[in-house]
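K.L.:
The opening residue of the sequence shown carries number 1 in full-length UniProt numbering; numbering runs sequentially from there.
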Amino acid sequence: MITIGIDVGGTNVVSGLFNDEGRLIRSRKVPTETSQGSAGLLGQLAELCKTLLTEEGLPEGALSAVGIGLPGFIDFKTGEVDAANLPLVRTPVAQKLSELIGVPVTVRNDVKMIVYGESLRGVGKGFDHVLGLTLGTGLASAWVSERKLHDGAAGLAGEIGHIAFSDIPYVCGCGMKGCLETVVSATGIARQARDGLAAGWVGLLAERFPPERRESLTARDVWQAAVDGDGFAIETFRRTAGWLARALAPAIALLSPDIIIVGGGVASSGELFLQPLHAVLSSSLHPLYAERLRIVTPALGDEAGLYGSSEFAREHLSLAKEASA
Ligand SMILES: [Zn+2]
Numbered sequence: 001m002i003t004i005g006i007d008v009g010g011t012n013v014v015s016g017l018f019n020d021e022g023r024l025i026r027s028r029k030v031p032t033e034t035s036q037g038s039a040g041l042l043g044q045l046a047e048l049c050k051t052l053l054t055e056e057g058l059p060e061g062a063l064s065a066v067g068i069g070l071p072g073f074i075d076f077k078t079g080e081v082d083a084a085n086l087p088l089v090r091t092p093v094a095q096k097l098s099e100l101i102g103v104p105v106t107v108r109n110d111v112k113m114i115v116y117g118e119s120l121r122g123v124g125k126g127f128d129h130v131l132g133l134t135l136g137t138g139l140a141s142a143w144v145s146e147r148k149l150h151d152g153a154a155g156l157a158g159e160i161g162h163i164a165f166s167d168i169p170y171v172c173g174c175g176m177k178g179c180l181e182t183v184v185s186a187t188g189i190a191r192q193a194r195d196g197l198a199a200g201w202v203g204l205l206a207e208r209f210p211p212e213r214r215e216s217l218t219a220r221d222v223w224q225a226a227v228d229g230d231g232f233a234i235e236t237f238r239r240t241a242g243w244l245a246r247a248l249a250p251a252i253a254l255l256s257p258d259i260i261i262v263g264g265g266v267a268s269s270g271e272l273f274l275q276p277l278h279a280v281l282s283s284s285l286h287p288l289y290a291e292r293l294r295i296v297t298p299a300l301g302d303e304a305g306l307y308g309s310s311e312f313a314r315e316h317l318s319l320a321k322e323a324s325a
């Protein structure tokens with residue numbers, strides 16, 4: 001079964017062709033077409049599929065299915081997609097692309113597809129129950145159990161970034177106050193650092209970022225300062241891990257995952273973040289969970305979303321065939 005996985009981002013579209021064994025054999029990365037509305041973007045996706053097949057010397061008829069991951073909200077009743085950073089407003093992406101290329105198309109949120117890819121083909125390979133998170137500009141999660149992605153009612157499962165806590169002072173992009181992702185994300189770490197420095201914290205980070213440069217401070221700068229031994233920067237990661245643990249502990253007790261994959265920009269901070277996360281979780285969970293707690297970073301890098309959406313499209317096609325048999 002030849003499939004294509006596509007990861008549509010606000011800046012780039014990455015697409016990959018997968019062979020019969022589900023191995024990535026060819027990929028392409030192009031700037032996202034956003035100037036011609038939804039028709040322009042869908043046309044670009046259709047062209048990408050054709051180009052991948054042509055380059056590999058395959059006829060169009062060789063393709064079995066296409067899977068897409070994108071940063072947007074999918075209405076599970078109608079299949080319509082809304083995406084703030086893409087020209088998609090109530091656009092039935094799967095149906096439209098399927099009409100253009102003549103094969104079944106699946107569409108899911110990009111975080112779900114990244115976690116699905118990691119759980120089946122990356123660091124989660126060999127584990128049945130995988131909980132995955134990404135901490136980038138926001139915070140989201142996905143749950144894959146025995147190869148099945150859990151969408152939940154209305155497809156809303158996994159939005160842990162919007163659990164609100166009364167001691168988090170920031171207003172979220174969603175309009176609520178105190179959402180977890182206002183602090184537990186790359187943006188959140190930079191924000192905490194800026195506010196801490198404004199409140200008078202001293203040290204390496206304060207020296208590197210005097211008030212006039214403070215707006216340009218990123219999570220990576222906080223990480224670098226922590227690596228160099230800055231106490232405030234280390235504490236910022238420790239506090240962020242503590243906040244995340246509040247949402248993760250109940251999730252672990254409910255789901256009992258084999259492993260927890262923590263990905264996204266913040267995960268590249270490595271032990272600075274993961275060690276305190278492991279420590280807080282261990283101390284707040286029953287020993288039966290704590291002793292088998294395994295927190296890992298992703299293995300597939302930028303290709304996780306491609307693997308995920310391709311595998312997801314395959315899984316759907318197999319299920320559809322079983323149902324019709
Ligand atoms: Zn929110």
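Think of the CB as a built atom: it goes at the ideal place given N, C-alpha and C, for glycine as much as any other residue.
Quantities reported herein were computed from a predicted structural model and do not represent experimental measurements.
Compute every distance between the C-beta of residue 84 and the non-hydrogen atoms of ligand 1, then say whether any falls below 8 Å.
P.N.:
The residue labelled residue 84 in the question sits at position 84 within the sequence shown. Flag unset: Cβ of residue 84 not near ligand 1.
K.L.:
Using 8 Å as the Cβ pair cut-off and three pairs as the minimum, do the region 296-316 and the region 120-130 touch?
P.N.:
Judged by Cβ distances under 8 Å, the region 296-316 makes contact with the region 120-130, as three or more pairs qualify.
K.L.:
Mapping DSSP to helix, strand and coil, what is residue 238?
P.N.:
Along the sequence shown, read from residue 1 onward, the residue named residue 238 stands at position 238. Helix at residue 238.
K.L.:
Alpha carbon to alpha carbon, what distance is there between residue 197 and residue 111?
P.N.:
Numbered from its first residue, the sequence shown carries residue 111 at position 111. Numbered from its first residue, the sequence shown carries residue 197 at position 197. In a straight line, the C-alpha of residue 111 is about 32 Å away from that of residue 197.
K.L.:
What are the start and end residues of each continuous alpha helix (DSSP H) run of 4 or more residues lying completely inside the region 256-309, in chain order?
P.N.:
271-284, 287-290, all fully within the region 256-309.
K.L.:
Less than 8 Å between C-beta atoms, sequence neighbours within five positions excluded: which residues of the same chain meet that for residue 88?
P.N.:
As a first step, residue 88 must be located in the sequence shown, where it is residue number 88. Answer for residue 88: 38, 41, 70, 72, 81, 82, listed in chain order.
K.L.:
Mind checking whether the beta-carbon of residue 134 lies closer than 8 Å to any heavy atom of ligand 1?
P.N.:
The residue you call residue 134 lines up with position 134 of the sequence shown. No.
K.L.:
Considering only heavy atoms of ligand 1 and the C-beta of each residue, which residues fall inside 5 Å, strictly closer?
P.N.:
My final list is 162, 172, 174, 176, 179.
K.L.:
From the DSSP output, in three-state form, read off residue 251 for me.
P.N.:
Against the sequence shown, residue 251 aligns to sequence position 251. Helix, per DSSP.
K.L.:
By how many angstroms is the C-alpha of residue 154 removed from the C-alpha of residue 68?
P.N.:
Locating residue 68 in the sequence shown gives position 68, counting from the first residue. Locating residue 154 in the sequence shown gives position 154, counting from the first residue. In a straight line, the C-alpha of residue 68 is about 18 Å away from that of residue 154.
K.L.:
Do you know whose CA, among 221, 121, 158, 290, lies nearest residue 131's CA?
P.N.:
By one-based count along the sequence shown, residue 131 stands at place 131. For the residues 221, 121, 158, 290, the minimum Cα distance to residue 131 belongs to 158.
K.L.:
Can you tell me the Cα-Cα spacing of residue 226 and residue 23, whole angstroms?
P.N.:
Counted from its first residue, the sequence shown places residue 226 at position 226. Counted from its first residue, the sequence shown places residue 23 at position 23. If I take the Cα positions, the gap works out to 39 Å.
K.L.:
Looking at C-alpha atoms only, which residue of 261, 268, 256 is the closest neighbour of residue 224?
P.N.:
The residue given as residue 224 occupies position 224 in the sequence shown. The option with the nearest alpha carbon to residue 224 is 268.
K.L.:
Would the region 306-318 count as touching the region 5-25 if we require 3 or more Cβ pairs under 8 Å?
P.N.:
At 8 Å Cβ cutoff, the stretches touch.
K.L.:
If the criterion is Cβ atoms closer than 9 Å, does the pair residue 276 and residue 237 meet it?
P.N.:
To locate residue 276, count along the sequence shown from 1; it is residue 276. To locate residue 237, count along the sequence shown from 1; it is residue 237. Cβ distance < 9 Å, so residue 276 and residue 237 count as in contact.
K.L.:
Taking residue 46 as the reference, give the member of 5, 85, 255 with the closest Cα.
P.N.:
Taking the first residue of the sequence shown as position 1, residue 46 is located at position 46. The shortest C-alpha separation from residue 46 is found at 5.
K.L.:
Within the continuous alpha helix (DSSP H) that includes residue 101, where are the two ends?
P.N.:
As a working note, residue 101 is residue 101 in the sequence shown. Element bounds for residue 101: 93-101.
K.L.:
Measuring only the C-alpha atoms, how far is residue 102 from residue 139?
P.N.:
Here the question's residue 102 lines up with position 102 in the sequence shown. Here the question's residue 139 lines up with position 139 in the sequence shown. Each residue's alpha carbon lies about 35 Å from the other.
K.L.:
So, are the CB atoms of residue 135 and residue 115 less than 9 Å apart?
P.N.:
Residue mapping note: residue 135 aligns to position 135 of the sequence shown, counting from 1. Residue mapping note: residue 115 aligns to position 115 of the sequence shown, counting from 1. No, Cβ-Cβ distance for residue 135 and residue 115 is not below 9 Å.
K.L.:
By the DSSP assignment, the alpha helix (DSSP H) with residue 227 in it spans what residues?
P.N.:
Numbered from 1 along the sequence shown, position 227 holds the residue referred to as residue 227. Element bounds for residue 227: 219-227.
K.L.:
Is there at least one non-hydrogen atom of ligand 3 closer than 8 Å to the beta-carbon of residue 1?
P.N.:
Absence of ligand 3 is noted for the structure shown, with ligand 1 being the only ligands found.
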